[in-house]
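Down below is the structure, laid out as structure tokens.
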Amino acid sequence: MISNHLLFKLASGEVFGQDQPIALKLLRSESSVQALEGVVMELQDSLYPLLREVSIGIDPYVIFEDADWALLIGAKPRGPGMERAAILDINGQIFAEQGKALNAVASRNVEVIVVGNRCNTNALICLKNAPDLPAKNFHALTRLDENRARFQLALQAGVFYDKVANMTIWGNHSTTQVPDFLNAKISGRPVKEVIKDTKWLEEDFTITVQKRGGVLIEKWGRSSAASTAVSIVDAMRSLVTPSPEGDWFSTGVYTTGNPYGIAEDLVFSMPCRSNGDGDYELVQDVATDDFLGDRIKKSEAELIAEKRCVAHLTEEKGHKVPNGKNDSCKK
Ligand code: LMR
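In my numbering, the protein residues as written are 225 to 555.
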């Protein structure tokens, strides 16, 4: 469902502009071939001038060959009563396999955006299995959360969402994520000056953003698809266009040498800027307070627990995680 929205956006030039031809290589699962063939027919019938190649395959070692961008979307959704360890293990194996394939055949500078949940830990698994590629190039998609947070702040302040800037999502793409209302701005002013209701910010706003994906699943009976596709385009565009002066975007990145005291060796959402060449730098000087700091620690703890559950899938580079699986995998 996500790809069905995303592919048409990519083919129309929404990310790379009107001068950049596109080749789409679609990795299918055992069961998705009919649906993908249908999507390919629709792409062909749309006569996109930039779309020069569309192919479908089941072997990641073929499909990822020379890929400049890898958008890793497919994953099994967590069913009712399923333990965290079970879903992390099932999906982790997909991303370990895809990491190995990227490592073997993708462009040496491939940019990887992991969307399939739990996307932070899946991105960690993927990069660990791709030791010859820069870990920095692996992202977990938290742009959807950023967009959701911007919309909620704009709604509450009674402004259009383009007035909301400097929106950071810290941590995991899960209900422990921390939408940062301390550093976000509305029309250039700190959010807390514009929205004076601290209780609303700390409770309603924070919880609405954290639980938006779950509420949407209840309404739709399936995960967000169109808005996820839009946020993937936004995430890509943020890397290929210079960040506006003074602003930043959120993306889940590998925590090595970060200035925020976040444990090393996780994939954690943080504020980043890009000069538009596909690369990015962490924004270095975003201050948090006790409220945000406590919550950021909880999201960090959740990611550390997730990492323990998948220790068997992340040991490729000799990064052995002590304690292996434990009871926290069951939550
Ligand atoms: C979302 O945030 O909408 C999704 O990641 C939710 C989900 O669990 O698929």
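For glycine and all other residues, C-beta sits at the position ideal for the given N, C-alpha and C.
Distance, residue j Cα to residue i Cα
i    : j    : result
G323 : N228 : 23 Å
I393 : P403 : 5 Å
Y478 : V383 : 34 Å
V559 : E261 : Any answer about residue 559 is impossible in this case: the structure gives the chain only from 225 up to 555.
A247 : E417 : 47 Å
T422 : L406 : 10 Å
D518 : K531 : 20 Å
T465 : G305 : 42 Å
A320 : E277 : 27 Å
V334 : P358 : 9 Å
R332 : S451 : 30 Å
T432 : G412 : 23 Å
S474 : D369 : 9 Å
N371 : L537 : 31 Å
L379 : Y285 : 45 Å
A535 : L463 : 30 Å
Q567 : R367 : An answer regarding residue 567 cannot be provided, because it is not within the stretch 225 to 555 covered by the chain.
Proximity to residue i [Cα-Cα], best of the options
i    : options                   : result
F492 : V433, K522 and N396       : N396
C343 : S498, F232, A247 and L296 : L296
A291 : A453, A330, V339 and I528 : A330
Y484 : E524, S398 and L251       : E524
D471 : R308, L231, A408 and Q242 : A408
Residues bridged to residue i [DSSP beta-bridge criterion]
i    : result
A294 : V336
H363 : I337
W444 : For W444, which the question treats as bridged, DSSP gives no partner whatsoever.
F492 : V477
I410 : V388 and R413
W394 : V402
E505 : R497
I318 : None, per the DSSP bridge assignment.
V278 : L248
TODO: Kindly confirm or deny that the segment 458-473 and the segment 357-373 touch, where touching means at least three C-beta pairs closer than 8 Å.
DONE: yes
- [ ] Evaluate the contact criterion for the segment 430-445 versus the segment 319-334: three or more CB pairs, one atom per stretch, below 8 Å.
- [x] no
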